[in-house]
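A.B. asks: First the structure, then my questions, so here it is.
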Amino acid sequence: MNPLTDLTLTNLDARSREIFRLIVDNYLREGEPLGSRNLSRLLPSSLSPATVRNVMSDLEHLGLIYAPHVSAGRLPTQAGLRFFVDAFMELGDLTTEERRQIEAQVRASGSGQTLEHILTDASQMLSGLSRGAGLVMTAKSEVPLKHIEFIRLEPTRALAVMVSQNGDVENRVVDLPAGVTSSQLVEASNFLNAHIRGRTLAEAKAEIGRLKEETRTALDTLSQDLVERGLAVWAGEGSGLQARLIVRGHANLLENVTAQADLELLRHLFEDLETKDGMLQLLDLAEEGPGVRIFIGSENKLFSLSGSSLVVAPYRDKDARVIGALGVIGPTRLNYARIVPMVDYTAQIITRMLG
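All residue numbers for the sequence shown refer to numbering that gives the first Met the number 0, where the first residue is 0 and numbers rise by one.
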């Protein structure tokens, strides 16, 4: 619990806590403000609406709730939601049947399929279970490579095709050295394939570097240049295949959105997510702490414009390295208590499958 949460708890007596909890519960369930008259009916002790209003005024002073307009009931602020999540929320646990269904669905999609297919199905499943948008991000892949091939597109350009051992295929256009022949394309492919199979891209680059002398002996200058270009085209920033973002269930976020301004905010959200920087931010969020992390509205600049919330968890490879993240994006009134264990368990299943 952070210091702000501790400080706030000391300012709340049992009555204030109960009124705050009811306001948040009503918001998460209905999305509507809760007024003093209705609150007094919900409370177990007989408190007058005037007494309830006094308590609400104190909660508002603490920055935990606010009135969306004059004479309205109260809604939790983003700080209030964070306080609720940290101090009050009791995480639900998945039932044995829910765990069985999630595991069966993830494993069924993984039968003979590529990692991307498994992750696409996982994001679709999370979207359906949460009524938010399911999101999966694959980090730069460090899976072992299987095959590289150069396919000439025109005299000065070729398509470099890289196939990993899990079946993922990546294509890049590479500029050809002047005067390279078709036989040299084949020769460079054969040399690479003799040394990269079963190695990650980083390991393959290191191996080709170590074999510098042998490369000079085995290949002519143009073929050697081609080998280096074939590996360099994937290197970019660090080593590995490019990060990919899979989002399913966009429509769920639009179900209750009617205002043009809100539609614009959601459009900005998806534009931000699909930029490379957005994806890397997302992965950084998942890597910063163990297990599931919850981000509410402006707590993270990636979602500050749209006011959305994110529940995200990392998944790992057999060496326990974080290689991606999955989660749910939705309005701030997500059912956090239900979604957190769902995201956590799905990440655990995918981690076990990759182990």
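Each residue gets a CB set at the ideal place from its N, CA and C atoms; glycine is no exception.
In whole angstroms, what separates the C-alpha of Arg-73 from that of Gly-133?
C.D. replies: Taking the first residue of the sequence shown as 1, we reach residue 73 at position 74. Taking the first residue of the sequence shown as 1, we reach residue 133 at position 134. Between Arg-73 and Gly-133, the C-alpha separation is close to 30 angstroms.
A.B. asks: Strictly by DSSP, which residues pair up with Ala-312?
C.D. replies: Indexing the sequence shown from 1 puts residue 312 at position 313. According to DSSP, which records beta bridges pairwise, Ala-312 is partnered with Leu-325.
A.B. asks: Counting only runs that start and end within the segment 85-143, where is the beta strand (DSSP E) found for 3 or more residues in a row?
C.D. replies: 132-137
A.B. asks: Please tell me whether Glu-115 and Asp-167 are closer than 8 angstroms, where the distance is taken between their beta carbons.
C.D. replies: Your numbering for residue 115 matches position 116 in the sequence shown. Your numbering for residue 167 matches position 168 in the sequence shown. Yes, the pair counts as a contact, with Cβ atoms nearer than the cut-off.
A.B. asks: If I'm right that Val-311 touches Tyr-335 with Cβ under 8 angstroms, what's the distance once you round it to whole angstroms?
C.D. replies: Within the sequence shown, numbered from 1, the residue matching residue 311 stands at position 312. Within the sequence shown, numbered from 1, the residue matching residue 335 stands at position 336. No, Val-311 and Tyr-335 are not in contact; Cβ-Cβ is about 12 angstroms, not under 8 angstroms.
A.B. asks: Rounding to the nearest angstrom, what Cα-Cα distance links Ser-188 and Arg-99 in this structure?
C.D. replies: Residue mapping note: residue 188 aligns to position 189 of the sequence shown, counting from 1. Residue mapping note: residue 99 aligns to position 100 of the sequence shown, counting from 1. Each residue's alpha carbon lies about 45 angstroms from the other.
A.B. asks: For Gly-76, tell me which candidate among Ser-297, Leu-353 and Asn-37 has the shortest Cα-Cα distance.
C.D. replies: For the purposes of this step, residue 76 is taken as the residue at position 77 of the sequence shown. The sequence given here has Thr at residue 76, not Gly. Comparing C-alpha distances from Thr-76 to each of Ser-297, Leu-353 and Asn-37 shows the shortest one belongs to Ser-297.
A.B. asks: Can you tell me whether Pro-67 is buried or exposed? The criterion is at least 16 other CB atoms within 10 Å of its CB, across all chains shown.
C.D. replies: Along the sequence shown, one-based indexing puts residue 67 at 68. By the 10 Å Cβ count, Pro-67 comes out exposed.
A.B. asks: If you follow the alpha helix (DSSP H) that Phe-294 is in, where does it begin and where does it stop?
C.D. replies: If you number the sequence shown from 1, residue 294 lands on position 295. Taken as a continuous stretch (DSSP letters only), Phe-294 belongs to no alpha helix (DSSP H), being part of the beta strand (DSSP E) at 292-295.
A.B. asks: What ranges does the alpha helix (DSSP H) occupy inside the segment 14-61, keeping only unbroken runs of at least 4 residues that lie completely in it?
C.D. replies: 35-41 and 48-60
A.B. asks: Can you tell which of Phe-87, Ala-86, Arg-52 and Leu-63 has its C-alpha closest to the C-alpha of Ser-70?
C.D. replies: Counted from its first residue, the sequence shown places residue 70 at position 71. Nearest in C-alpha terms to Ser-70, of all of Phe-87, Ala-86, Arg-52 and Leu-63, is Arg-52.
A.B. asks: Can you name the residues that DSSP bridges to Glu-148?
C.D. replies: Along the sequence shown, one-based indexing puts residue 148 at 149. BP columns for Glu-148 point to Val-160.
A.B. asks: So, with DSSP's three-state summary, where would you put Asn-170?
C.D. replies: For the purposes of this step, residue 170 is identified with residue 171 of the sequence shown, where counting begins at 1. Looking at Asn-170 - three-state DSSP - the assignment turns out to be strand.
A.B. asks: Measuring alpha carbon to alpha carbon, tell me which residue in Arg-337, Val-226, Ala-13 and Met-341 is nearest Ser-44.
C.D. replies: The sequence position of residue 44 within the sequence shown is 45, counting from 1. Answer by Cα proximity: Ala-13.
A.B. asks: Does Arg-332 come out as helix, strand or coil in the three-state DSSP assignment?
C.D. replies: Within the sequence shown, numbered from 1, the residue matching residue 332 stands at position 333. DSSP places Arg-332 in coil when its eight states are reduced to three.
A.B. asks: Can you check DSSP and say which residues form a bridge with Glu-153?
C.D. replies: Stepping through the sequence shown from its first residue, residue 153 is reached at position 154. According to DSSP, Glu-153 bridges with Arg-156.
A.B. asks: Looking at the unbroken alpha helix (DSSP H) that takes in Arg-196, where does it start and where does it end?
C.D. replies: Indexing the sequence shown from 1 puts residue 196 at position 197. Where Arg-196 is concerned, there is no enclosing alpha helix (DSSP H), given that its DSSP letter is neither H nor E.
A.B. asks: State yes or no: is the C-beta of Arg-106 within less than 8 angstroms of the C-beta of Pro-143?
C.D. replies: The count along the sequence shown starts at 1 and reaches residue 106 at position 107. The count along the sequence shown starts at 1 and reaches residue 143 at position 144. Cβ distance not < 8 angstroms, so Arg-106 and Pro-143 don't count as in contact.
A.B. asks: According to DSSP, is Arg-247 helix, strand or coil?
C.D. replies: For the purposes of this step, residue 247 is taken as the residue at position 248 of the sequence shown. Annotated three-state conformation of Arg-247 is strand, per DSSP.
A.B. asks: Assuming Lys-145 contacts Val-162 under a Cβ cut-off of 8 angstroms, what Cβ separation, rounded to an integer in Å, is found between them?
C.D. replies: Numbered from 1 along the sequence shown, position 146 holds the residue referred to as residue 145. Numbered from 1 along the sequence shown, position 163 holds the residue referred to as residue 162. Indeed, because the Cβ distance is near 5 angstroms, the residues count as touching under 8 angstroms.
A.B. asks: Considering only C-alpha positions, which residue in the set Arg-28, Leu-27 and Ile-22 is nearest to Arg-40?
C.D. replies: Looking up residue 40 in the sequence shown gives position 41. It is Ile-22.
A.B. asks: Just to confirm, are Leu-80 and Thr-331 a CB contact at a threshold of 8 angstroms?
C.D. replies: To locate residue 80, count along the sequence shown from 1; it is residue 81. To locate residue 331, count along the sequence shown from 1; it is residue 332. In contact: Leu-80 and Thr-331 (Cβ atoms closer than 8 angstroms).
A.B. asks: In its own chain, which residues sit with a C-beta less than 7 angstroms from the C-beta of Asn-394, not counting the 5 before and 5 after it?
C.D. replies: Lying outside 0 to 354, the shown extent of the chain, residue 394 is not represented and no answer is given.
A.B. asks: Am I right that Glu-102 and Ile-338 are in contact with their C-beta atoms under 8 angstroms? What's the rounded C-beta distance?
C.D. replies: Numbered from its first residue, the sequence shown carries residue 102 at position 103. Numbered from its first residue, the sequence shown carries residue 338 at position 339. Rounded, the Cβ-Cβ distance is 17 angstroms, inconsistent with contact.
A.B. asks: Glu-206: which of Thr-220, Leu-221 and Phe-190 sits nearest, CA to CA?
C.D. replies: Against the sequence shown, residue 206 aligns to sequence position 207. Checking every option, the nearest Cα to that of Glu-206 belongs to Phe-190.
A.B. asks: Round the Cβ separation of Gln-183 and Leu-221 to the nearest angstrom and send it over; I've been treating them as touching at under 8 angstroms.
C.D. replies: Here residue 183 refers to the residue found at position 184 when the sequence shown is read from its first residue. Here residue 221 refers to the residue found at position 222 when the sequence shown is read from its first residue. Confirmed, Cβ separation roughly 5 angstroms.
A.B. asks: Can you look up Leu-74 in the DSSP assignment and give me helix, strand or coil?
C.D. replies: By one-based count along the sequence shown, residue 74 stands at place 75. DSSP places Leu-74 in the strand class (E or B) of the three-state scheme.
A.B. asks: Out of Phe-149, Arg-247 and Gln-104, which has the shortest C-alpha to C-alpha gap to Thr-345?
C.D. replies: For this step, residue 345 is matched to residue 346 along the sequence shown. It is Gln-104 whose Cα lies nearest to the Cα of Thr-345.
A.B. asks: Between Ile-245 and Thr-119, which are expected to be in contact by the criterion C-beta below 8 angstroms, what is the C-beta distance as a whole number of angstroms?
C.D. replies: To locate residue 245, count along the sequence shown from 1; it is residue 246. To locate residue 119, count along the sequence shown from 1; it is residue 120. That pair is a contact at about 5 angstroms.
A.B. asks: Whose C-alpha, out of Leu-333, Asp-343, Leu-27 and Leu-353, is nearest the C-alpha of Ala-319?
C.D. replies: As a working note, residue 319 is residue 320 in the sequence shown. For the residues Leu-333, Asp-343, Leu-27 and Leu-353, the minimum Cα distance to Ala-319 belongs to Leu-353.
A.B. asks: Using the C-alpha atoms, what's the distance from Glu-212 back to Gly-175?
C.D. replies: Locating residue 175 in the sequence shown gives position 176, counting from the first residue. Locating residue 212 in the sequence shown gives position 213, counting from the first residue. In the sequence as presented, Gly is not what sits at residue 175; that position holds Leu. Within the model, the alpha-carbon separation for Leu-175 versus Glu-212 is close to 22 angstroms.
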